[in-house]
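Engineer: Please see the structure below; I have some questions.
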Amino acid sequence: MKSFNQLNTDYQTLTSDSSTANVALGKSLINEGIRRILRYRDWVFNRTSSTDLTEANTASYPKPYNCKNIRAIKITVGDIDYQPKGVKSRKEWIALNRSDTKSDIPTHFFVNNNTYEIYPIPSSAGNTITIYYNKSFKD
-12 MKSFNQLNTD YQTLTSDSST ANVALGKSLI NEGIRRILRY RDWVFNRTSS TDLTEANTAS
48 YPKPYNCKNI RAIKITVGDI DYQPKGVKSR KEWIALNRSD TKSDIPTHFF VNNNTYEIYP
108 IPSSAGNTIT IYYNKSFKD
């Protein structure tokens, strides 16, 4: 597979034009082509995971810096793995959170713009949260 710089060099060779404007256009076209390919399907190489730890009485946690969308969450309490169900709508999430329930056994999670939330609110600290997600790509 060719690197971005190799693709840019090929573009300049094919167009026989290394002017600043043409190089900028070529880079833009290469980036757009890569974005289209990445959106084409759910590529395995685009999936990754990250870990965090629960904090007592804290429901909201920041998403990983390169997270496009969260696919699933696993919370390990002792030797037991829990996979809470994702809640799709804010309305359903608000209804679920009408009570201030605390427990170390998670049942649901909800994704906001830059955070994800766990229900019920974790009652103790130090349990491992594993976030499975698709990476976002920057130009």
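End of the sequence shown = 126 in the working numbering, gap-free, step of one.
Heads up, the beta-carbon is just placed ideally off N, CA and C, and yes, glycines get one too.
Since the structure is predicted, the reported quantities are computational estimates derived from the model, not experimental observations.
How would you write the range of the alpha helix (DSSP H) that residue 81 sits in, first residue to last?
Structural biologist: On the sequence shown, residue 81 is found 94 positions in, with the first residue counted as 1. Element bounds for residue 81: 77 to 83.
Engineer: DSSP three-state call for residue 13: helix, strand or coil?
Structural biologist: Counted from its first residue, the sequence shown places residue 13 at position 26. Looking at residue 13 - three-state DSSP - the assignment turns out to be helix.
Engineer: Does the segment 112 to 124 touch the segment 19 to 38, meaning 3 or more C-beta pairs lie closer than 8 Å?
Structural biologist: Touching, yes, given that three or more Cβ pairs across the two stretches are closer than 8 Å.
Engineer: Name the one or two DSSP bridge partners that residue 35 has.
Structural biologist: Walking along the sequence shown from the start, residue 35 turns up at place 48. Looking at the DSSP assignment, residue 35 forms a beta bridge with 120.
Engineer: Might you give, ordered along the chain, the residues of its own chain that have their beta carbon closer than 8 Å to the beta carbon of residue 54, omitting 5 neighbours on each side?
Structural biologist: Here the question's residue 54 lines up with position 67 in the sequence shown. The answer, listed in chain order, is 37, 118, 120, 121, 122 and 123.
Engineer: Here's a check: name, in chain order, each residue in its chain whose Cβ is nearer than 8 Å to the Cβ of residue 9, leaving out the five neighbours to either side.
Structural biologist: The residue labelled residue 9 in the question sits at position 22 within the sequence shown. If we look at residue 9 and ignore the five residues flanking it on each side, its Cβ neighbours are -1 and 2.
Engineer: So is residue 130 buried or exposed if we call it buried at 16+ other beta carbons inside 10 Å?
Structural biologist: Limits of the chain in this structure are -12 at one end and 126 at the other, which puts residue 130 out of reach.
Engineer: Between 112, 108, 14 and -8, which lies nearest to residue 65 when the distance is taken from Cα to Cα?
Structural biologist: Here residue 65 refers to the residue found at position 78 when the sequence shown is read from its first residue. Selected option, being the one with the closest Cα: 112.
Engineer: State the beta-bridge partners of residue 96 as determined by DSSP.
Structural biologist: Looking up residue 96 in the sequence shown gives position 109. Bridge partners of residue 96: 73 and 105.
Engineer: How about the segment 19 to 34 and the segment 66 to 85: do they share at least three Cβ pairs that are nearer than 8 Å?
Structural biologist: The segment 19 to 34, when compared against the segment 66 to 85, does not touch it at the 8 Å Cβ threshold.
Engineer: Check each candidate in 4, 57, 49 and 44 and name the one with the smallest Cα separation from residue 74.
Structural biologist: Stepping through the sequence shown from its first residue, residue 74 is reached at position 87. For residue 74, the nearest C-alpha among the options comes from 57.
Engineer: For a quick check, are the C-beta atoms of residue 60 and residue 49 less than 8 Å apart?
Structural biologist: Position 73 of the sequence shown, counting from 1, holds the residue named residue 60. Position 62 of the sequence shown, counting from 1, holds the residue named residue 49. No, the Cβ-Cβ distance between residue 60 and residue 49 is not below 8 Å.
Engineer: In this structure, how does DSSP classify residue 53 when only helix, strand and coil are distinguished?
Structural biologist: On the sequence shown, residue 53 is found 66 positions in, with the first residue counted as 1. Reduced to three states, the DSSP call for residue 53 is coil.
Engineer: When DSSP labels each residue in this structure, what does residue 59 get in the three-state scheme?
Structural biologist: In the sequence shown, residue 59 corresponds to position 72, counting from 1. Reduced to three states, the DSSP call for residue 59 is strand.
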